[in-house]
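First up is the structure itself, then whatever we jot down about it.
Protein chains: 2
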Amino acid sequence: MRRSASIGVMPIIPFDRTSQVPFYQQIYEGVRAAITSGRLMPGQRLPSTRTLAEELHISRYPVFSAFDQLLQEGYLDGKVGSGTFVRYNIPDDVNRPIGARRPAPGAASAPVAPSTPDVESEREHGTGPLAVSSPALDHFPTEIFARLIRRHLTGPPELLAYGDPAGYGPLREAVVEYLRTARAVDCDASQVLILSGSQMGLIVSALALTTPESAVCVEEPGYPGARQALGAAGATIIPVEVDSDGIDVAALARLDRPIGLVYVTPSHQYPLGMSMGLARRLELLRWAANASAWIIEDDYDSEYRYSSRPVGSLQGMDSDGRVIYLGTFSRGLFPALRIGYMVVPRQLVERFLRVRATLDIFSPTLYQLAVNDFLREGQFARHLRRMRAIYVARRDALLGAIQEEAADVLTVGNTDAGLHVVAYLGDGIDDNDVALRAASLGVFPRALSSCYMTSAVRPGLIMGFGGSDESVLRGAITTLANLIRNLE
Amino acid sequence: MRRSASIGVMPIIPFDRTSQVPFYQQIYEGVRAAITSGRLMPGQRLPSTRTLAEELHISRYPVFSAFDQLLQEGYLDGKVGSGTFVRYNIPDDVNRPIGARRPAPGAASAPVAPSTPDVESEREHGTGPLAVSSPALDHFPTEIFARLIRRHLTGPPELLAYGDPAGYGPLREAVVEYLRTARAVDCDASQVLILSGSQMGLIVSALALTTPESAVCVEEPGYPGARQALGAAGATIIPVEVDSDGIDVAALARLDRPIGLVYVTPSHQYPLGMSMGLARRLELLRWAANASAWIIEDDYDSEYRYSSRPVGSLQGMDSDGRVIYLGTFSRGLFPALRIGYMVVPRQLVERFLRVRATLDIFSPTLYQLAVNDFLREGQFARHLRRMRAIYVARRDALLGAIQEEAADVLTVGNTDAGLHVVAYLGDGIDDNDVALRAASLGVFPRALSSCYMTSAVRPGLIMGFGGSDESVLRGAITTLANLIRNLE
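Protein chains in written order, with our numbering: chain A, 1 to 488; chain B, 489 to 976.
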């Protein structure tokens, strides 16, 4: 049974008592969709939790939970129990410290998992101290994963044959489930393509959606591997500056030519690390709908978030089917796996599938089978929980070392997510020079200026903390601080 | 020590008594290179085997072996022992039945191995009876390969990290060794890129070498998956007809616009199955050198050759560095592996590597390690020998069934190599219609007309015999013959 609740200023939200989707989640998603679609306007008052609970004939607890989550995510203002309103100014940063609050339900409460664009030319993927995009491979549960591989090694001959270019069916279903729970992505398995790494999603998008006449916007600064891939079909790449809230949509709207595609990293901007606030997300989605532009949301490391609650995906807020969502298992599992995925708007699925098949036909079957088991048996969720604690410790060691030993030469930027931080250098310092000298000393930060198409606003170093333990990180910062102090 | 032999009309060939390369092979390769480079001209008489042996201070046997091989391959004319000449008309078909002759040494004597372009949209890669490109997966040595995989499953964490986009170094070396021995490919490991299937080599070539202004020639009829991939960067695809000797180079030369790239399958034309003779090969290489065009040599199934001796690769005859060589392990091992490789002219290596990294960064490490062991431990050579016997039996069963049950409706074309044959239908029959009806009966030949960009000269069916055993093949032909006879 599906019934609609219309209470006070509450717009109609779908609610189904017989659904397996928990009540709080139905309410959370219904209200959120109403806000993001504009059916609930800023300043509108929501009914009390009591009223809504009575209207729906359910207990008050799930309503309370849903409102709490919406408050925390910055969709609502006020106080649960004493009047809640749709926020006027949806804040720049909707992420608030979790602190001692009990876990809230809904999209953000489940274990959050892997995705990575962190690619560029692979030769930039070193494994030494401070190298960007390296997960903690020394903590990977090799034995568990090996057991899953062994299970499929001597399977039936059909598993050796050509597979589905869209990916192994059960894995696509498992990815849907994971993305729905952890990232509030709204899709079914027919929209999921399993890729040989998320980088492939960029090439597929470029070949499917662009021509030499196209203009593609990327974040400035941004992920260099995206620029390279998105230009593969000859499109013009246009850098659009980011501010503290992500890509500047007003600047995007002012461009004097039609834009077909925009590449963004809203969960954790690469490289600067901020997340895109709700207001900016809605602005971006509105712009894309008006401009008939496609958005690539590269959710490359949303599984690792430390001091704030993850916002759901941009894809899940999009009611116009403009968002192509990219993710990867390179960080959640390991890079040598080469398994990523994309979620494609329905009307693009056929076209994307054709291009994907042209690239490498399909991804190796054995790993798809093993990852499917890893997800379905709960190993993935367990692994991510373990890894989050390890990364928090590594991040804290890195930040501590910078504060203690390098505060005079390095100024740290955003630090609450992912596996890297940006540390700014003093004005006038050549970050490429520093990165080169550091490499010769066995330390591998990346120059921030390498992420700019135009000239960098401020020199800096991108430092990965995922791949090295605490003592290595501290040693690397000592080396780096000495190097910077001794630049002539 | 390296000494040069200059005897009679014999041009200088490199010869090194201390080399590990067998004497016969040094002589074979030296003379062949002299012929293909034009240093030895048609009609020139070679010294007698006795004279050459004396001059080189070696026994007569290796000289005799080398000349015998060159005679068999059609480079020389005459009779070993009574005067040999460089052939005037290098024959259309240099492949002669081996019959009862003892195995000759040189490039063609070693086990020949895997490579496959057989891609298209993967959905065309069925696994049912007569499906093209399916190897005999029921005979794959699963246990042996599983043992190699297990060996690397719990290796050091570095194996989980990002790998070299060019491929795992030792595997690249092993591929060089295999290609040198089995396919007379002339390269070193720096020119080898390991790919996620050979299909990826087509996309890499298209993105690295073409723009929307480019013209790319393909064989007509030809491999549809190549057309799709080679057009990825917007190039114009021009079909050039094949005759009984492969692509018509004269027609290529008559085109009124510059051609940047040509795609050919000289070992075993897809789909028609003939091999390109020596004269045509030399003509093609000369044309490419003059036109500054690149050639993609897709050596997709040269490992399986039954009644004739394989010719070496086009790449090995090319003294101008114009040939990009593609191969795959999809047929020699199995398709779900997704490992192929390309050999790239030196001046293109950097450019190709950059593009390859943009596509999917690198191929999964685990499989690269296992394939490397499989090659180095001799498993690959053993496996290919076993498979050749199986494929001969399957091919013979298919041909026998056609002769006995379908000779009135199917006329078989070339049959001495690969895993498929083409059987022509009577004029006026719609092969797409036959293929569709066949699929509804559980039999999956491919319509020959699907390989044409223009209209097909003659309707036909491409039938794979690799993936089904003899009784299944016979049943499929019975079904097909009845279907064709009953077309209204």
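Backbone N, C-alpha and C define an ideal beta-carbon position, used for all residues, glycine too.
One or two residues paired with residue i in a DSSP bridge
i, result
"residue 782 (chain B)", "B:749"
"residue 243 (chain A)", "A:246"
"residue 911 (chain B)", "B:900, B:949"
"residue 941 (chain B)", "None, per the DSSP bridge assignment."
"residue 533 (chain B)", "B:573"
"residue 705 (chain B)", "B:726, B:750"
"residue 828 (chain B)", "B:683, B:816"
"residue 565 (chain B)", "B:573"
"residue 323 (chain A)", "A:295"
"residue 935 (chain B)", "B:949"
Element boundaries [alpha helix (DSSP H), containing residue i]
i, result
"residue 418 (chain A)", "Per DSSP, residue 418 (chain A) belongs to no alpha helix (DSSP H) and is neither H nor E."
"residue 31 (chain A)", "23 to 36"
"residue 884 (chain B)", "867 to 893"
"residue 360 (chain A)", "349 to 360"
"residue 228 (chain A)", "224 to 230"
"residue 856 (chain B)", "853 to 864"
"residue 657 (chain B)", "657 to 671"
"residue 545 (chain B)", "Premise fails: residue 545 (chain B) is in no alpha helix (DSSP H) and is neither H nor E."
Boundaries (first-last residue) of the beta strand (DSSP E) holding residue i
i, result
"residue 789 (chain B)", "Counting along the chain, residue 789 (chain B) falls outside any beta strand (DSSP E), and DSSP gives it neither H nor E."
"residue 84 (chain A)", "84 to 86"
"residue 503 (chain B)", "501 to 503"
Among the options, the one whose alpha carbon lies nearest that of residue i
i, options, result
"residue 361 (chain A)", "A:156, A:189, A:193", "A:193"
"residue 270 (chain A)", "A:296, A:300, A:249", "A:300"
"residue 795 (chain B)", "B:839, B:876, B:821, B:937", "B:876"
"residue 623 (chain B)", "B:656, B:650, B:907", "B:907"
"residue 675 (chain B)", "B:830, B:729, B:842", "B:830"
"residue 810 (chain B)", "B:833, B:839, B:800, B:539", "B:833"
"residue 706 (chain B)", "B:751, B:694, B:520", "B:751"
"residue 486 (chain A)", "A:377, A:409, A:276", "A:409"
"residue 296 (chain A)", "A:422, A:178, A:223", "A:223"
"residue 381 (chain A)", "A:254, A:83, A:181, A:348", "A:181"
"residue 332 (chain A)", "A:175, A:60, A:189", "A:175"
"residue 672 (chain B)", "B:638, B:799, B:684, B:639", "B:799"
"residue 649 (chain B)", "A:336, A:178, A:85", "A:336"
"residue 500 (chain A)", "A:415, A:462, A:453, A:290", "Residue 500 (chain A) lies beyond the stretch modelled for chain A, which goes from 1 to 488, so this question has no answer here."
"residue 259 (chain A)", "A:280, A:267, A:273, A:216", "A:216"
"residue 620 (chain B)", "B:976, B:956, B:959, B:952", "B:952"
"residue 929 (chain B)", "B:722, B:617, B:521", "B:617"
"residue 293 (chain A)", "A:249, A:279, A:54", "A:249"
"residue 955 (chain B)", "B:615, B:571, B:548, B:543", "B:615"
Any non-hydrogen atom of the ligand GDP within 7 angstroms of residue i CB
i, result
"residue 533 (chain B)", "Ligands in the displayed structure: none, and consequently the ligand GDP is not present."
Open item on the list: Is it the case that the stretch 873 to 888 of chain B contacts the stretch 769 to 784 of chain B, given that we only count it when at least three CB pairs across the two stretches are under 8 angstroms?
Closed with: no
TODO: Could you please tell me which residues of the stretch 935 to 960 of chain B, in chain order, have their CB closer than 9 angstroms to any CB of chain A?
DONE: 955
- [ ] Note down, in chain order, all residues in the stretch 201 to 218 of chain A with a beta-carbon under 7 angstroms from any beta-carbon belonging to chain B.
- [x] 203, 207, 211, 212
Task: Interface positions of the stretch 325 to 351 of chain A facing chain B (Cβ-Cβ less than 7 angstroms), listed along the chain - done: 334, 335, 336, 337, 338
Open item on the list: Residues of the stretch 162 to 188 of chain A in Cβ contact with chain B at a cutoff of 8 angstroms, in chain order, please.
Closed with: 162, 163, 164, 165
Open item on the list: Measuring CB atoms only, is the stretch 844 to 863 of chain B touching the stretch 652 to 667 of chain B, in the sense that at least three cross pairs come out at less than 8 angstroms?
Closed with: yes
- [ ] Report yes or no: do the stretch 914 to 921 of chain B and the stretch 688 to 700 of chain B share at least 3 C-beta pairs separated by less than 8 angstroms?
- [x] no
Open item on the list: Closer than 8 angstroms is the cut-off here; do at least three beta carbon pairs connect the stretch 721 to 731 of chain B with the stretch 367 to 374 of chain A?
Closed with: no
Open item on the list: Check whether the stretch 402 to 413 of chain A and the stretch 476 to 487 of chain A touch, using three or more Cβ-Cβ pairs below 8 angstroms as the test.
Closed with: yes
- [ ] Taking only beta carbons into account, state which residues of the stretch 133 to 151 of chain A come closer than 7 angstroms to chain B, listed in chain order.
- [x] 134, 137, 138, 140, 142, 143, 146, 149, 150
- [ ] Report yes or no: do three or more beta-carbon pairs, one from the stretch 346 to 358 of chain A and one from the stretch 65 to 74 of chain A, lie closer than 8 angstroms?
- [x] no
Open item on the list: Check whether the stretch 685 to 694 of chain B and the stretch 707 to 720 of chain B are in contact - that is, three or more C-beta pairs closer than 8 angstroms.
Closed with: yes
TODO: Take every Cβ of the stretch 14 to 34 of chain A, pair it with every Cβ of the stretch 60 to 67 of chain A, and state whether three or more of those distances are shorter than 8 angstroms.
DONE: yes
Open item on the list: For the stretch 705 to 737 of chain B, list every residue whose C-beta sits within 8 angstroms of some C-beta in chain A, in sequence order.
Closed with: 713, 716, 717, 720, 721, 722
- [ ] Below 7 angstroms between beta carbons is the criterion; list the residues of the stretch 353 to 364 of chain A that meet it against any residue of chain B, in chain order.
- [x] 354, 357, 358, 359, 360, 361, 362, 363, 364
- [ ] For the stretch 410 to 425 of chain A, enumerate the residues whose C-beta is nearer than 9 angstroms to any C-beta of chain B, in chain order.
- [x] none
Task: Contacting positions in the stretch 21 to 55 of chain A - beta carbon closer than 9 angstroms to chain B - done: none
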